[in-house]
Every structure is written in C-alpha cells, then in structure tokens.
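Just so we're on the same page, our numbering is the position in the sequence shown counted from 1, plus 68. Ideal Cβ positions, reconstructed from N, Cα and C, are used throughout, including at glycine. Remarks on the structure that follows.
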Amino acid sequence: MEFECQKDTEILLRDTSTSCSDNPVVEKGDSDQLVEINKKNFGSFHTEYSDTVSKANARIEFPFGEALLSHSGSFSDLPPALISEILNFLDPKELGIVACVSTSLYRLASDHQVWKDFYYERWGHLISAVNLGPEYSDEKSWKELFVEREFRSKTFMGRYSIDTLYGHAEAVRTVFVLVSKKLLFTSGYDQVVRMWDMEEGLSIASSCPLGCTIRAIAADTKLLIVGGTDGFIHGWKVENGNPHLFDIRSPHNQNMEFRVCEHEGPITCLALDLVKMYSGSWDMTIRIWDRSSLKCMKVLMHDDWVWNLAPHDTTIGSTAGSSVYIWDTISGCQVTVINNTHVGNAYSLARSHTGKLLFTGGENGSIHMFEVRSVKCRALKVATWVPHTGPVYSLAFEFPWLVSCSSDGKISLIDVRKLLKTSRSSFSGNTSKGYCVHLNNVEPPQRMLHGFGCNLFSVGIGSDRIVCGGEEGVVRIWNFSQALEIEQSVRALKGIRLENRIRHRKLQTEIGGKGSKGEQCSVAAKNQMNSDKTGWHSKRRVSGKLKA
C-alpha cells in the first residue's frame, strides 16, 4: 500500500515500533517520492524507509503515526451493511471467532441471516426438522438453534442404552422414524403395521393384516403410506384431534384410508414430499403420484429392479440393479446414470437435505458417497467405505451422521463432517453456497454397533436415537439421550473450572503485584547487609596491616 506525499504537506516520519533514537529523520521532498507501508494486523503498521530519500529535506513538524491514523480505521468502523456482506463468506467456525472480537461484531455476527442458511444446509427447514424439545422456542435466534443442534449431533459418540420392542411375529423388513412427532412405524413379514412411541418405547397401535409382506413405509404429519409385495400402496390420512395423527386400528374407512394398485411387482421403496408420492418396484419402474387426487402422473422406466429412491426438489435419485440414476421429475427424463456402482446390486440409497450429497450401499458391503453437481446434475464419487462384510440393506442420513445396517448384524456410524467444508462464492451479486469435499480427510467409520444377530434389514435415525429392525423379529432402539445429559454436565463443569482458573490467576496477579514491593525491600536490605559485612571485613584487614 503506497501513500503519495503532497508538496504542501510537512510530516514527520517515525517508526512507532522502535525507540525514538533509532528513528530516521526525513524531510519534505517532491511529490513523486513514495513511502511504502507494510500492513501486518488490524491497525498495526510499520514503515519502511528508502535509501534514496535525501537526508537534506525540510524540518520535522508532527509524527507520521498520527497522520497515518487519521487515514486508517478499524474493521468495525466499516458500514454494517458492508460488514454483513463480508461475514456472508465465512463458515460457522470463522463466524463464531469473529463474534468474539468485539461487542459490535458480536451483535452483527450473532444476528446474521447466514446462520439460517447454515441450519437449512444441514437439517432442512425447521418445519420438517426434529422437534428438539421445549427449550427450542421460537424466541431463539438461528445461531442458538444451530449451536444447540450441532452440540446434539456429538452425542452419537457417547454412552447409550438399548431398548428392545417386542410385538412382531416375524422378521421386521422396514422401520420409519417420524422425528417431528417422535413416532416410529414398523412392519414386515407378519403383514401388520405397528406404531410406537419412540421416547417411551411403548406400542401405540397396530393395523389389521394387510395381506402381504410390507417392505416400505413413508410418513409425514399429513399422510402415512406402506407398500407391499402385492404391488399396492395402502395409506392413512391424518385425523384431526388425534395426538398420534393416524388411526390405523379402525376397519377400512373410505374417508381416512385408501389403497392404489398400479405396480405389477412388489413395492420396495416409498417417499413423500409436499405434493407428491413416489413408489419404486421390482417391475423396474418408479411412479410419481399426486397426493390429493392419488393419480399416477409419471412413470420412470429402469433397466433392472428398483431397490431404492430419494427425491429432492425437482430431481429424484434411484438405484436399480447395480446402477444409480438421477431423474428430472418435471419432464420425466433421465439426467444422469452411474453404471456398475457396486459389485452386485445397489440395495440402499440416502440423500442429504440439500440434495448435493448422495450415498449408496451395495451387495459387496461398500458405501459410496457422491457429490451431485448443479451443472447437468453430474454425480462425482468422492469417498468410499467398506465397513461391512455383507450386503448393506439400508442407509439413513442426518447431518453429519451416515448410518448403515447390513446382513452381518452390524451398524456403522460415519461422520462426514471432516469431509466437508462450506464454500461460498459470489458471482454478479448472487452468492452461491455449497460444500467442498476434501478427499484426504476420508476416515473409517467412527463407531460400530454390533452383537445383535444377523440380517439387519432397515435402519432409521432421530435426534438422539438409532432404530433398527431385522430377522429376529424385534425392533431395537439405541438411546443416546444419556450421552447428551453427560455432555451437558461436562460442559457445565468445564465452564466452572475455567471461571475458577481465571479467578485464581487474577488473584495470583494481585498478590504478585503487592509482593513485588516487599521483595524489592528485602533485596535492598540484603544488599545493604552484604555491603556492611564487606566494609567491616575490609576495615579489619586495613587495621591489621596498620598494626603490623
């Protein structure tokens, strides 16, 4: 950074980082003489002087540091709108560091709208997000919601307890967690759909036998649908005033219950969004349904049996055979295909809330992670894990945890947080946000849960619980809420220890300040005594010489 001295300005050049005796003196020169200033930190500058500056110049009149300060200011002096634009390019960790600098920056960083974007990128809209309890009130800021949710995501590395739910007579093929209402739906070979209270682990209701094996369940707060091997979709609509949303115990009610049959093979997967239903089948098709009219709107043809699907916005990802497909749901056209993704069939599929991350599990026990690029929806494989020795039958993703279950009877937990770093770039005033994947940060699964028999068919994840069902005919819930309580108590103890440490250091500083004067006096007295002794011995030697 260069400043040009005006002819009518007389200044004193002084290096404020050194003593006054070391400062070179320069006088006023021509306007083409430049002084280079090297900026190191906020508000800290050091001057470099050129050897070509003549020593015979005009006299000194005032310090250059004062002139420099008049032309510079701190970061917080910028307009709030400009600071807000700069903060928009930071990730959550960097934004938290900025908030610790000053009170004004704390207000700007804490109330910044980017915290809402951070939340949406990880866990989706708050309406469809997890109901995290009464402490999550509407009065909390987006930063507080983000910090609390991020804190809760660490509990899956802590202590857990296992709840076992009995009720099914045969193997459990599918489980679905409705996290916003803390409800759990399960079904399988016994043809019965069961509803459970996930918090208490108690059975709420069970349906009549539906006539075939149930392989898929999907639900939201308005609709519950199940799919069977007979190719039908059976559904229940929400019942007003019912605390558990759906009445699955009552006999067939045309107003609240329905069934549609258009698939020609067993239904293997189901999904819902706000206006559509999605179903995949061994008849090699995915059908897109209108939720209100229950009419089939589009049919997406595949080359093999459809194993799983994951919709997002106007696209839908699917696995058929050993390949992965991405479709445009508006036109019904295939956007991209990844052939031979796994050795054998690609049984399972999961997708992030943003739709940018796609996970597949295969017959060979491997899990692949793909990044879906916005340009032509191109999918790029960025990571691979092989945590299982058998086929991966089910995947569930809740940022940052990817959970898988396999025929080997194990559940793996993979934290993808270290693979991702939020990147922000601005083009023509529009800010585009996304993730950068760091290939060097691929790690093995952070945790394995095992020892519970074999053939785990389906897995689901909530805010602090993991649910799984398998061939044993029981449903197991791994409850990590105790880990959250322990982590909160540890966090409180750390705060108390830090406060005590600061108080102790402050007290030591005060005692040291008072004791320094006493130490100076004792040192002076000791020196005086030593000088007196030395003087006494010298006088004795002198007197001895005189006597001699």
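Buried versus exposed call for residue i [16 or more other C-beta atoms within 10 Å across all chains shown]
{"i": "residue 345", "result": "buried"}
{"i": "residue 174", "result": "exposed"}
{"i": "residue 209", "result": "exposed"}
{"i": "residue 219", "result": "exposed"}
{"i": "residue 551", "result": "buried"}
{"i": "residue 408", "result": "exposed"}
{"i": "residue 424", "result": "buried"}
{"i": "residue 536", "result": "buried"}
{"i": "residue 361", "result": "exposed"}
{"i": "residue 142", "result": "exposed"}
{"i": "residue 221", "result": "buried"}
{"i": "residue 262", "result": "buried"}
{"i": "residue 567", "result": "exposed"}
{"i": "residue 397", "result": "buried"}
{"i": "residue 571", "result": "exposed"}
{"i": "residue 511", "result": "exposed"}
{"i": "residue 290", "result": "exposed"}
{"i": "residue 459", "result": "buried"}
{"i": "residue 202", "result": "With a pLDDT of 45 at residue 202, under the threshold of 50, the modelled position of this residue cannot be trusted, and the question is left open."}
{"i": "residue 621", "result": "Outside the displayed range of the chain (69 to 616) lies residue 621, so it cannot be described from this structure."}
{"i": "residue 92", "result": "Annotation note: pLDDT 41 at residue 92 (below 50); position unreliable, no value reported."}
{"i": "residue 367", "result": "exposed"}
{"i": "residue 189", "result": "buried"}
{"i": "residue 513", "result": "buried"}
Cβ-Cβ separation, residue j to residue i (assumed contact under 8 angstroms), whole Å
{"i": "residue 543", "j": "residue 254", "result": "5 angstroms"}
{"i": "residue 256", "j": "residue 284", "result": "With 8 angstroms as the limit, residue 256 and residue 284 do not qualify as a contact, their Cβ atoms being about 11 angstroms apart."}
{"i": "residue 337", "j": "residue 404", "result": "That pair is no contact at about 19 angstroms."}
{"i": "residue 372", "j": "residue 385", "result": "Their Cβ separation, rounded to whole angstroms, is 15 angstroms, which puts residue 372 and residue 385 out of contact at 8 angstroms."}
{"i": "residue 299", "j": "residue 335", "result": "6 angstroms"}
{"i": "residue 526", "j": "residue 241", "result": "6 angstroms"}
{"i": "residue 266", "j": "residue 533", "result": "6 angstroms"}
{"i": "residue 410", "j": "residue 439", "result": "That belief does not hold up - the Cβ atoms of residue 410 and residue 439 are roughly 18 angstroms apart, past 8 angstroms."}
{"i": "residue 455", "j": "residue 480", "result": "4 angstroms"}
Residue i in three-state terms, based on DSSP
{"i": "residue 254", "result": "strand"}
{"i": "residue 260", "result": "coil"}
{"i": "residue 161", "result": "helix"}
{"i": "residue 393", "result": "strand"}
{"i": "residue 312", "result": "coil"}
{"i": "residue 568", "result": "helix"}
{"i": "residue 234", "result": "coil"}
{"i": "residue 374", "result": "strand"}
{"i": "residue 403", "result": "strand"}
{"i": "residue 226", "result": "coil"}
{"i": "residue 149", "result": "helix"}
{"i": "residue 239", "result": "coil"}
{"i": "residue 154", "result": "helix"}
{"i": "residue 575", "result": "helix"}
{"i": "residue 166", "result": "helix"}
{"i": "residue 561", "result": "helix"}
{"i": "residue 364", "result": "strand"}
{"i": "residue 442", "result": "coil"}
{"i": "residue 274", "result": "strand"}
{"i": "residue 144", "result": "helix"}
{"i": "residue 581", "result": "helix"}
Limits of the unbroken alpha helix (DSSP H) element including residue i
{"i": "residue 186", "result": "182-191"}
{"i": "residue 45", "result": "Outside the shown range of the chain (69 to 616) lies residue 45, about which nothing can therefore be said."}
{"i": "residue 177", "result": "171-178"}
For residue i, the first and last residue of its enclosing beta strand (DSSP E)
{"i": "residue 478", "result": "Premise fails: residue 478 is in no beta strand (DSSP E) and is neither H nor E."}
{"i": "residue 419", "result": "414-419"}
{"i": "residue 354", "result": "353-358"}
{"i": "residue 511", "result": "Unbroken run through residue 511: none, as it is neither H nor E."}
{"i": "residue 325", "result": "325-329"}
{"i": "residue 466", "result": "460-466"}
{"i": "residue 536", "result": "533-538"}
{"i": "residue 283", "result": "282-287"}
{"i": "residue 294", "result": "291-296"}
{"i": "residue 429", "result": "425-430"}
{"i": "residue 342", "result": "First-last for residue 342: undefined, no H or E at that position."}
{"i": "residue 410", "result": "Here residue 410 belongs to no beta strand (DSSP E), and DSSP marks it neither H nor E."}
{"i": "residue 279", "result": "No beta strand (DSSP E) contains residue 279, which DSSP labels as neither H nor E."}
Those residues which DSSP pairs with residue i across a bridge
{"i": "residue 380", "result": "383"}
{"i": "residue 452", "result": "436"}
{"i": "residue 520", "result": "Per DSSP, none; premise fails for residue 520."}
{"i": "residue 552", "result": "BP columns for residue 552 are empty, so no partner."}
{"i": "residue 544", "result": "232 and 536"}
{"i": "residue 388", "result": "374 and 391"}
{"i": "residue 349", "result": "335"}
{"i": "residue 470", "result": "465 and 482"}
{"i": "residue 246", "result": "251"}
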